[in-house]
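Have a look at the structure below, then the notes.
In the working numbering, the protein residues as written are 3 to 301.
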């Protein structure tokens, strides 16, 4: 009760939920309850919450759109900090767009279109948050966050500090923020002036491609595995005879073998077991180690 009282003092009573289910905050629609579910409404409250949790060794995890994560069936014994509900502001200025971490990549791409800015079309339909996208250097259709991010503000060593692009050490699904476990608060992307109709046409084209090739009709966490050098994960899985293979409610997508879908009632354990089976089968057949892209969150 002391912790609950302290958290409410930091966040405001309306921004804290107790024993709150998490499945609706992930694109997999899987996950047990969190002891505490925080939705800070200001950057200052977020900083205060992070510093408090670190000072008293309280486990916490910052959750964006939950698009690349598998949360344990038992939930999370600590504080889940959700940014998408309130820390999601987006503003445009000349050729730059500023956004808080909780803003969705899709909403930012729409803001870019509104300002006739090109360079962010690739992000339309990526189901993640801005902060998560930067943290993982998310990408699609030959574009990635490292192409456009100019500056990021993070919580590091108890304070908010700016990080310029030259310091971000971007790689394939990697950034320096993973090394330091930084909490990304907001960022700035730099785009170029373009033609509104051409930008919209490109976004419509990529949306159509995504709808045709990806199993968007069922819950999933996107691509389960990183692309192995010289191969495509989905092709290896398909060539291993695993299209449609299922364990419990988790299934290798019939539409795109690089995805695992929740056919209804899948548990986190179903997904983990299926991931391990896929890795084992592909290794036996092709000698290729599939590296998991989806992150596990367990207490």
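Here a beta-carbon is modelled for each residue, glycine too, at the ideal position from N, C-alpha and C.
On the CB-based measure, 16 or more other CB atoms within 10 Å of its CB, does residue i come out buried or exposed?
i	result
residue 203	exposed
residue 170	buried
residue 3	exposed
residue 282	exposed
residue 164	exposed
residue 227	buried
residue 179	buried
So, helix, strand or coil for residue i, using DSSP?
i	result
residue 153	strand
residue 229	coil
residue 78	strand
residue 67	coil
residue 264	strand
residue 298	strand
residue 222	strand
residue 216	coil
residue 131	strand
residue 38	strand
residue 100	strand
residue 84	strand
residue 31	coil
residue 160	coil
residue 105	coil
residue 93	strand
residue 21	strand
residue 254	strand
residue 44	coil
residue 140	coil
residue 269	coil
residue 234	coil
residue 72	strand
residue 119	strand
residue 62	strand
residue 166	strand
residue 191	strand
If we ignore side chains and look at the alpha-carbon of each, how far apart do residue i and residue j end up?
i	j	result
residue 53	residue 43	16 Å
residue 235	residue 10	45 Å
residue 2	residue 297	What is shown of the chain runs 3 to 301, which leaves residue 2 out entirely.
residue 62	residue 146	28 Å
residue 185	residue 259	32 Å
residue 148	residue 139	6 Å
residue 60	residue 37	11 Å
residue 80	residue 248	32 Å
residue 268	residue 250	6 Å
residue 136	residue 274	25 Å
residue 5	residue 265	38 Å
residue 293	residue 286	15 Å
residue 77	residue 270	10 Å
residue 92	residue 191	11 Å
residue 108	residue 162	26 Å
residue 253	residue 240	13 Å
residue 151	residue 167	7 Å
residue 288	residue 64	37 Å
residue 95	residue 48	25 Å
residue 90	residue 45	11 Å
Assuming residue i contacts residue j (C-beta within less than 8 Å), just tell me the rounded distance between them.
i	j	result
residue 176	residue 102	Not a contact, Cβ separation roughly 23 Å.
residue 131	residue 85	7 Å
residue 115	residue 198	7 Å
residue 66	residue 134	4 Å
Might you give, ordered along the chain, the residues of its own chain that have their beta carbon closer than 7 Å to the beta carbon of residue i, omitting 5 neighbours on each side?
i	result
residue 28	68, 71 and 73
residue 158	182 and 184
residue 290	230, 233, 238 and 284
residue 209	126 and 127
residue 55	62 and 81
residue 245	254, 256 and 259
Might you give, ordered along the chain, the residues of its own chain that have their beta carbon closer than 6 Å to the beta carbon of residue i, omitting 5 neighbours on each side?
i	result
residue 88	41 and 43
residue 25	31, 32 and 33
residue 39	19, 22 and 82
residue 305	With the chain covering only 3 through 301, there is no way to say anything about residue 305.
residue 172	139 and 148
residue 2	With the chain running from 3 to 301 in the structure shown, residue 2 is simply not present.
Using a Cβ-based criterion (distance less than 7 Å to any ligand heavy atom), does residue i qualify as near the ligand FAD?
i	result
residue 154	Absence of the ligand FAD from the depicted structure is noted, as is the absence of any ligand whatsoever, leaving it without description.
Whose C-beta lies closer than 8 Å to the C-beta of residue i among residues of the same chain, with five residues either side of it excluded?
i	result
residue 50	12
residue 194	97, 119, 120 and 121
residue 220	255, 263, 264 and 265
residue 110	92, 99, 101, 122, 125, 132 and 191
residue 155	162, 163, 164, 165, 186, 187, 188 and 189
residue 305	No answer is possible for residue 305: the residues shown for the chain start at 3 and end at 301.
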